[in-house]
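K.L.:
Chains as they are written, first to last, in the numbering used here: chain A, 1 to 501; chain B, 502 to 1002; chain C, 1003 to 1171; chain D, 1172 to 1340. This is the structure I have questions about; it appears just below.
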Amino acid sequence: MNKIKKILIANRGEIAIRVMRTCRELDIETVAIYSEADRTSLHVRYAHEAYYVGKAPSSESYLNIEKIIEIAKKSGADAIHPGYGFLSENASFARRCAVEGIIFIGPSPEVIVQMGDKIQARDAMKKAGIPVVPGTEGEIKSEQEALEIIKEIGLPVMIKASAGGGGKGMRLVKNEADVVSSVRAARSEAKAAFGDDAVYIEKYITSPHHIEFQILADQHGNTVHLFERECSVQRRHQKMIEETPSPLMTAELRNEMGQAAVEAAKAVNYVGAGTIEFLVDNDLNYYFLEMNTRLQVEHPITERVTGIDLVKQQIHVAEGQPLDFAQEDLKQQGHAIECRVYAEDPDNNFMPSAGKVYKISDPLGFGVRTDGYVYEGYEIPIYYDPMISKLIVWGKTRDEAIGRMRRALYEYKITGVKTSIKMLERVMKNENFIQGNYDTHFIEKNQEQLMGKDQTKDPEDMVIIAAFIDYLDKLSAVSTNQKEFVPAQSRWKKIPYVNHF
Amino acid sequence: MNKIKKILIANRGEIAIRVMRTCRELDIETVAIYSEADRTSLHVRYAHEAYYVGKAPSSESYLNIEKIIEIAKKSGADAIHPGYGFLSENASFARRCAVEGIIFIGPSPEVIVQMGDKIQARDAMKKAGIPVVPGTEGEIKSEQEALEIIKEIGLPVMIKASAGGGGKGMRLVKNEADVVSSVRAARSEAKAAFGDDAVYIEKYITSPHHIEFQILADQHGNTVHLFERECSVQRRHQKMIEETPSPLMTAELRNEMGQAAVEAAKAVNYVGAGTIEFLVDNDLNYYFLEMNTRLQVEHPITERVTGIDLVKQQIHVAEGQPLDFAQEDLKQQGHAIECRVYAEDPDNNFMPSAGKVYKISDPLGFGVRTDGYVYEGYEIPIYYDPMISKLIVWGKTRDEAIGRMRRALYEYKITGVKTSIKMLERVMKNENFIQGNYDTHFIEKNQEQLMGKDQTKDPEDMVIIAAFIDYLDKLSAVSTNQKEFVPAQSRWKKIPYVNHF
Amino acid sequence: MAVQIKIGDRLAWVNLLKQDGNLLEVEVDGKKYEVDLMHTADGTFSILEGGHSYDIELVPDETPKKYTAYTLYETHNVEVIDAEARYLQNRNANGAAAAESKITSPMPGKVVKVLVSEGDPVQQGETVVIISAMKMESEYKAPKDGVVKKVFVKADDTVDSNQVLIELE
Amino acid sequence: MAVQIKIGDRLAWVNLLKQDGNLLEVEVDGKKYEVDLMHTADGTFSILEGGHSYDIELVPDETPKKYTAYTLYETHNVEVIDAEARYLQNRNANGAAAAESKITSPMPGKVVKVLVSEGDPVQQGETVVIISAMKMESEYKAPKDGVVKKVFVKADDTVDSNQVLIELE
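What follows is the structure, given as structure tokens:
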């Protein structure tokens, strides 16, 4: 067993800080890397050490394997935590770490390769007896093959990139006439995004629920699951809101799917924290979708209901420690919901909104957690993910959690950039969401309420008065003849005494 | 049953906001009151409505019963939440509310009177079979009586004000020669502080632990306890750090004391949230100390380990709802610690430090909660309590909680005023505290480590460089002849590109 | 002093009727409000009106007199349209306005630069004086061809609204 | 340009040797540092030195050139002593005795009671004024025997830090 003393975090943003927090709690020194755009990012200021890694585009910085390894060696880091995204599912990087004698906090390069390729992953799961979505056995060789397969499994189908992720290289086909053109389009998109045009075909599940299971495995053969996360509220195939427990789940199905997730992990000798994603239909049939061989963005809701710090477990597993709990020690306590806050304009097709953050008020109090990284005056770089933070709440019941999320969203104020906060608030007031009655088409199906003008009577006249006073205030700063108005003298208008009606 | 729709919060600071948060979660409208010093306090900005209540001194504002009742009626509030301090244990106020048909969120005036008088409370507890500290049966009539009692129970003894609280009107007597003068001093202090010079005498417990039990009782005769809080880390008889579970506690003692607490509450027909404070000695003998008939400052640690929102329960009980859980449904999950952050100088005998808050960084992430009220630019008024906020962390184990508290204290930055943060950090590093080996004399006993200079190698030269650059920056702003140095142009020094070594 | 304020699609007249420290009487589109208004220099407003508590954040735009306002859950685009703004608007609409011989300042400000002297010939549309108000510099142009008869201001002078700056012959 | 900086009890010479944007070469008491320094106008500093990351907050005091600096867990009092400061120091040194006769408040508070009047004789250690701040009362005592020359405050007055309360003869 190898006590880790210093960890390089090969990432930026909220997840870099998330990892560093646990490191500080464990008295582990932290090494940050930063691109040219990130010199003043919070992860640089939070870390014990920080080194420049390259130009702003990630290909020249956060994806620069050579440079990152060089920094790790220079700083004497024992281990590298890759976070999510960037190099977190890059087998070459994991292999380089092994070669250099640096602990890669994640699974083996072999597992990353195997689970990173959707066709290989599907094969492995079928062999382990995990249900998969009906479809091609592997990459399709021709459009003709596609047509034949589709005759077998029936329409609608989904064409997917073998190397894919994040919704890229995906095409839904409802009519036979569209098969050929859709296969071509998916191929070219896949080629552009991943440098690999292999695609495969899957039956398309109507009213699908995206439900995933968190698993954790040590180096001694112990594997447990930490229950499900319901991730069906998505926009453009990107998750927006996650919750646990899933409103769809039954105790029997949880048990069955949890065991399937553990079997899936064991089938590939998985080590570390990972996630098995499933599609579940309205009849509670479930199908293996893919495995993420890293920490997920939405891991905090699992932490909250189980009480397990997943980053701490990742580090302990990487050190060779056995898990200090078994499946029967784990319980879901209460209900947790996560909302992702993006710098984007929900009223304008979720267009990213870069810019300078003017002011932030974080929501606080009982049952509220935020994992973020931006601060007042911070200029959100245009090069990376538009996610500003994650707002996680917990309640004894789902109703309490929803009420608490509404309260937290009320408190959360980020000005200067457009954010998804208002949109998230509308979801928390949506009747279907409140009933737990939703699938991955939630946003399209509830467009009217989610995108519509709010009916709240807003204090428009008070805004007018505020702007007017600010105007008079600035005016009197340039003109001493302005006798009508006495401007504010300090942060808060300082007058000898405060008047009251 | 009476659904409450609007609550007036007869308080200020963090507890006013704490109560309003739960109100927002329950869709209850909130009414703030504010003194002249509090026009820009956060509770005024957080509430739905806000009304001026009087001049800055609390006697003219937050203690002004007539004015508060008037505002409650004007705003149409159904109920008043008194928070802690101010009118929270004022029986006349509770009585006035009842007369005016406003729900007082707390116990009946009769119980407030009975438990507010330490001698009456002690009597009631003895009758209910709860152990009390040996001492006088009631108020002592003369110094001669004091001398006789002391002969009976033995020295050392504590002389206490009957109407007391917060350490006022208390005297420890170790030698017989000091009895007469100490009784006189306690009397005059009690008279000045509470307008009542009645005092009583109790045996003084060496190495005492201050352990309290949270109880909750509805209007239908259901009473439960929510386990203990260990509150022995105190300075000048004021709590500084609280935790639950108590490191001293055993499962048997918890069960026994919990039942005693429930019996104590039932003996006085208690309704609402309340706290039974006990002294526990090293041999695990426990004695009733007093009952607080209100929410405690340290209630969040109980909320965290039980998952119960105590303010929500207070409101539900006040509405006449029965508790929706029984004793056997309650469990302590993990470990919670609270640190109170005061605007004070721990290196200078905890002298209060008023002034303007320059910047705040709140600690965030897994297992961290802050309940505060100050914001950047806020001028802490000189009239009220110097508590800025409460930092509450949770961990699966006590060790994890201590590590997390250290991390959270590292993240917590409040500049512009002196705070107790550094001192709290030293407690989290104190070996006796880490071992759970402490009583109410902890601070005196560990003075050297807690008050001493830190041994951390601090980047003094870097501070010098920072001050130097700020100086050059300001100099170049007033002097255009300053050619040696190119000052910062924006929030972050904006130059065409960022340089890297 | 009344100005117009544009909020979303609405254009409202607003006027300050009375001030007693932080207590203001303001008229918005004819509706009178008594407000207790406190604010910080960087745009945090706490307004109490009829007991209701409003917390508003104003974020200044790059363009002066324009703001983004954040309320409870809403975001508003706000613009102050004062005499200067209307003057500039009209001028832009009509080209150089009527054959006025006097150039006046539509609002209070500070003279940055006077570009002409008495006796100078000027052409229509030529900038004759630059005034700064609220961090913004505005160029004031000759409304017609002519000769400068009198210059009433110099650099760094403070000017009131409707004050004559330059007279042409 | 070299100046002296006082931090706690230490007095250090500091000098800027070279600047290339945010990259500085600075000498502190003869020790050379290459630092990558970024800062905000309101005193947040991020310094990278030899790979180490330092986050420092400088809060300006009321008095110019004085700061309170907040590091990891420490608070430092920092003062820049340049030519001007040294001049003022020398001047004050000559009037040192006079300074001792003034009783000042070290922090903001409210006057509870003034126990002496002008012309009263006082003894060293005698309480002359009581100030209350945040529920705690502090007694301020005469630093030497003497006669009260002037009383600057009365009960219920609010006082600032370093405000002179009473002057002795």
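The C-beta atom is built at its ideal place from N, Cα and C for all residues, glycine as well. None of these values were measured; they are calculated from a predicted model.
#1: Over what stretch of residues does the alpha helix (DSSP H) that includes residue 1314/D continue unbroken?
#2: Under 9 Å Cβ-Cβ, which residues of chain A neighbour residue 911/B?
#3: Could you run through the region 917-931 of chain B and flag, in chain order, every residue whose CB is less than 7 Å away from some CB of chain D?
#4: Check whether the Cβ of residue 1042/C lies closer than 8 Å to any Cβ atom in chain B.
#5: What residue ranges within the region 306-380 of chain A form continuous alpha helix (DSSP H) runs of no fewer than 4 residues, ordered along the chain?
#6: Against chain B, which members of the region 1187-1213 of chain D pass a CB distance test of less than 9 Å?
#7: Leaving out the 5 sequence neighbours to the left and right, which residues in its chain are closer than 8 Å to residue 857/B when beta-carbon positions are compared?
#8: Does DSSP put residue 1155/C in a helix, in a strand, or in coil?
#9: Classify residue 799/B as helix, strand or coil using the three-state DSSP reduction.
#10: Anyone know if the C-beta pair for residue 47/A and residue 30/A falls short of 8 Å?
#11: Would you mind working out which of 273/A, 171/A and 217/A sits nearest residue 89/A, comparing C-alpha positions?
#12: Across the region 630-637 of chain B and the region 822-830 of chain B, are there enough close Cβ pairs to call them in contact, namely three or more that are closer than 8 Å?
#13: In three-state DSSP terms, what is residue 614/B?
#14: Report the rounded CA-to-CA distance for residue 1315/D versus residue 1287/D, giving the unit in angstroms.
#15: Grouping DSSP H, G and I as helix and E and B as strand, with all else coil, what is residue 1205/D?
#16: How is residue 1267/D classed by DSSP in three states: helix, strand or coil?
#17: Quick check for students: name the residue ranges of the beta strand (DSSP E) that lie wholly in the region 906-949 of chain B, counting only runs of 3 or more.
#18: Short of 7 Å Cβ to Cβ, which residues in the region 823-857 of chain B face chain A?
#19: Going by C-alpha to C-alpha distance, which of 843/B, 750/B and 848/B sits closest to residue 886/B?
#20: If distances are taken between C-alpha atoms only, which option among 1065/C, 1039/C, 1037/C and 1148/C comes closest to residue 1139/C?
#21: Would you list the residues sitting across from residue 952/B in a DSSP beta bridge?
#22: Does residue 7/A have its Cβ less than 8 Å from a Cβ in chain D?
#23: Just the chain C side, please: which residues come within less than 9 Å of residue 533/B by C-beta, in chain order?
#24: Checking contacts by CB at 8 Å: is residue 1086/C closer than that to chain A?
#25: In three-state DSSP terms, what is residue 594/B?
#26: Suppose contacts are defined by Cβ-Cβ distances below 8 Å. Is residue 1272/D in contact with residue 1338/D by that definition?
#27: Given a cut-off of 8 Å, decide if residue 817/B and residue 763/B are closer than it, judged by their beta-carbon atoms.
#28: Determine the extent of the beta strand (DSSP E) in which residue 235/A is found, giving its start and end residues.
#29: Quick check: the Cα distance between residue 777/B and residue 793/B, rounded to an integer number of angstroms?
#30: Anything in the region 563-580 of chain B with a Cβ closer than 7 Å to a Cβ of chain C? List those residues in chain order, please.
#31: Residues of chain A with a CB under 8 Å from the CB of residue 897/B: which are they?
#32: Taking residue 644/B and residue 681/B to be in contact with their CB atoms under 8 Å, please state how far apart those CB atoms are, rounded to whole angstroms.
#33: Apply the 10 Å Cβ neighbour rule to residue 556/A and answer buried if 16 or more other Cβ atoms are within range, or exposed otherwise.
#34: For residue 1112/C, which residues in the same chain have their Cβ closer than 6 Å to its Cβ, ignoring the five residues on either side in sequence?
#35: Using DSSP bridges, identify the partner residues of residue 1012/C.
#36: Quick one: does residue 1050/C have its CB under 8 Å from some CB of chain B?
P.N.:
Looking at the atomic coordinates:
#1: Looking at the DSSP string, residue 1314/D is not in any alpha helix (DSSP H), and its letter there is neither H nor E.
#2: Within 9 Å Cβ-Cβ: 24.
#3: 917, 923 and 926: these are the residues of the region 917-931 of chain B whose beta carbon lies less than 7 Å from some beta carbon of chain D, given in chain order.
#4: Interface residue (Cβ-Cβ distance to chain B less than 8 Å): residue 1042/C is classified as such.
#5: As far as the region 306-380 of chain A is concerned, its whole alpha helix (DSSP H) runs of at least 4 residues are 310-318.
#6: The residues in question are 1187, 1190, 1191, 1192, 1193, 1194, 1195, 1197, 1199, 1200, 1202, 1204, 1205, 1206, 1207, 1208, 1209, 1210, 1211, 1212 and 1213.
#7: Non-local beta-carbon contacts of residue 857/B in its own chain, meaning distances under 8 Å to residues more than five positions away in sequence, involve 878, 879, 880, 881, 917 and 918 in chain order.
#8: Looking at residue 1155/C - three-state DSSP - the assignment turns out to be coil, as it is neither helix nor strand.
#9: Coil, per DSSP.
#10: For residue 47/A and residue 30/A, yes; Cβs fall inside 8 Å.
#11: Looking at the Cα atoms, 273/A is the closest of the given residues.
#12: No, the region 630-637 of chain B does not touch the region 822-830 of chain B.
#13: If DSSP states are grouped into helix, strand and coil, residue 614/B belongs with the helices.
#14: Rounded to the nearest angstrom, the gap between the Cα atoms of residue 1315/D and residue 1287/D is 14 Å.
#15: Secondary structure of residue 1205/D (DSSP, three-state): strand.
#16: Any reading at residue 1267/D must be qualified, since the residue scores a pLDDT of 41, below 50, and its modelled position is unreliable; no value is offered.
#17: Correct list: 914-916.
#18: Residues of the region 823-857 of chain B that bring their beta carbon within less than 7 Å of a beta carbon in chain A comprise 834 and 835, in sequence order.
#19: A check of alpha carbon separations from residue 886/B across 843/B, 750/B and 848/B identifies 843/B as the nearest.
#20: Here the closest residue by C-alpha is 1065/C.
#21: Paired residues: none, contrary to the question.
#22: No - not a single Cβ of chain D is within 8 Å of the one on residue 7/A.
#23: Those within 9 Å of residue 533/B in chain C are 1055.
#24: Cβ-Cβ to chain A under 8 Å: no for residue 1086/C.
#25: Residue 594/B falls in the helix class under three-state DSSP.
#26: Against a cut-off of 8 Å, the Cβ pair of residue 1338/D and residue 1272/D comes out as a contact.
#27: Going by C-beta atoms, residue 763/B is not nearer than 8 Å to residue 817/B.
#28: Unbroken beta strand (DSSP E) run through residue 235/A: 223-235.
#29: Distance from the CA of residue 777/B to the CA of residue 793/B, rounded to the nearest whole angstrom, comes to 7 Å.
#30: Per Cβ criterion, the list reads 576.
#31: Those within 8 Å of residue 897/B in chain A are 307, 308 and 309.
#32: Residue 644/B to residue 681/B, Cβ: 5 Å. Contact.
#33: With chain A running from 1 to 501 in the structure shown, residue 556/A is simply not present.
#34: Excluding sequence neighbours, residue 1112/C sits near 1134 and 1160.
#35: Residue pairing by DSSP puts residue 1012/C in a beta bridge opposite 1009/C.
#36: Yes, because at least one Cβ of chain B sits closer than 8 Å to the Cβ of residue 1050/C.
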